[in-house]
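Just so you know, we're using the numbering used here here: the sequence shown kicks off at 15 and counts up by one.
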Amino acid sequence: GICIHSEIALYNLPQTEGSCDAVIHYGKINMDDLPLTSKEFYHSSSHTYFSTLHGNFSIRNGNEIIVESNPDVNPHDLAAYLMGWGMAYLFTQRGYSALHCTALDIYGKGVLISGISGSGKSSTALSLIQKGHKFLADDIVMLNPLTNMNIIPAYPLQKVCRDISTQLNREQLLYINEERDKFAYYNPTDYCSDPKELHTLFILKAADIESVQVEEISGLNKYLRILECLFLAEIYCHTDTPNEDKFRCLKLAEKLNVYIITRPLHGNTLDEISSAIEQRISTN
């Protein structure tokens, strides 16, 4: 929903004209205003800094991203971080919360699917998309429940790992590495560009069980689980979750249905998980 002027190509995003809300440009980042203990990551309400193998990034006041790239870096790798970490913190500074989830449009309702690496989040989302549902955002989802419960559509890209990429059209894949052997899958056909009101959050995990289990949670447990879905929540655990994010997560806990879906460690249970999600969305 914002217009950005960028010196770095952000692949497959629509081009437009008019005044811009934010700028992305190359430049020298002044390290003197960062705490001495924060040379790899720093975050405040108006300034975020992070360092990667590809360069350093500084996001300020919700309207500027400065990129100090390393020599010979692939611009696609820079774009991957800008469209992930960069946008997450740009929108956070603009009053949104960034959640590490995939957002889908299922029967006209906004649905979030979250889970740690290896939980089956990407596979489950792809399975639901293949059943005819649309996606609004992949990997990072922006919303502000203090304004409304709408999920903000991102861009028609899905981040997929190598084993899933083998099932997709190679011409629509772009290798982005991100230090984790990932691909960006350009998928405008299954993308929904209209905001959808958030309805339910499903948190996936794997355990040593024999069949898929679905549990609805409530109360403090619901709030804590939503808090864990914040983008880079593991970093906040070592610092402190910003109060603004805590308050927004409380608002989400008031209005959201939250389920934990636990799948067996072994075996293909995608159809069962997808059907369980569809059933709960269609009946609530």
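Backbone N, C-alpha and C define an ideal beta-carbon position, used for all residues, glycine too.
These numbers come from a predicted model, not from an experiment.
Note that the C-beta distance between Y199 and L27 is not below 8 Å.
In this structure, the alpha-carbon of Y121 lies about 11 Å from that of N298.
When K236, K219 and L215 are compared, the shortest CA-CA separation from H280 is found for K219. By the Cβ-count criterion, C17 is exposed, with fewer than 16 other Cβ atoms from all chains shown falling within 10 Å of its own Cβ.
Within the segment 132-174, the complete beta strand (DSSP E) segments of 3 residues or longer fall at 148-151 and 155-157, listed in chain order. Cα atoms of N84 and M97: separation of roughly 18 Å, rounded to the nearest angstrom.
Spatial neighbours of I190 in its own chain (CB-CB distance under 7 Å, excluding positions within 5 residues in sequence) are listed in chain order as H90, D91, A94, K196, F197 and A198.
Checking the DSSP bridge columns, you'll see R74 partnered with H61 and E78.
In the three-state DSSP reduction, G109 falls in the coil class, being neither helix nor strand.
Nearest C-alpha to K236 among E31, K265 and I223: K265. A straight line joining the alpha-carbon of R108 with that of A290 spans about 35 Å. Of the candidates V37, N44 and L104, L104 places its Cα closest to the Cα of S59. Under the Cβ criterion (8 Å, minimum of three pairs), the segment 270-288 counts as touching the segment 139-156.
Contact between the segment 67-80 and the segment 27-37 is established, with three or more Cβ pairs separated by less than 8 Å. Annotation: S20 is outside any alpha helix (DSSP H); the continuous beta strand (DSSP E) that includes it extends over I18 to S20. For the 8 Å CB-CB criterion, L150 and C206 form a contact. Assignment of I287 by DSSP, reduced to helix, strand and coil, places it in the helix class.
DSSP places S83 within a strand segment (E or B) once states are collapsed to three. Proximity of the segment 256-274 to the segment 224-231 meets the contact definition, three or more beta-carbon pairs being nearer than 8 Å.
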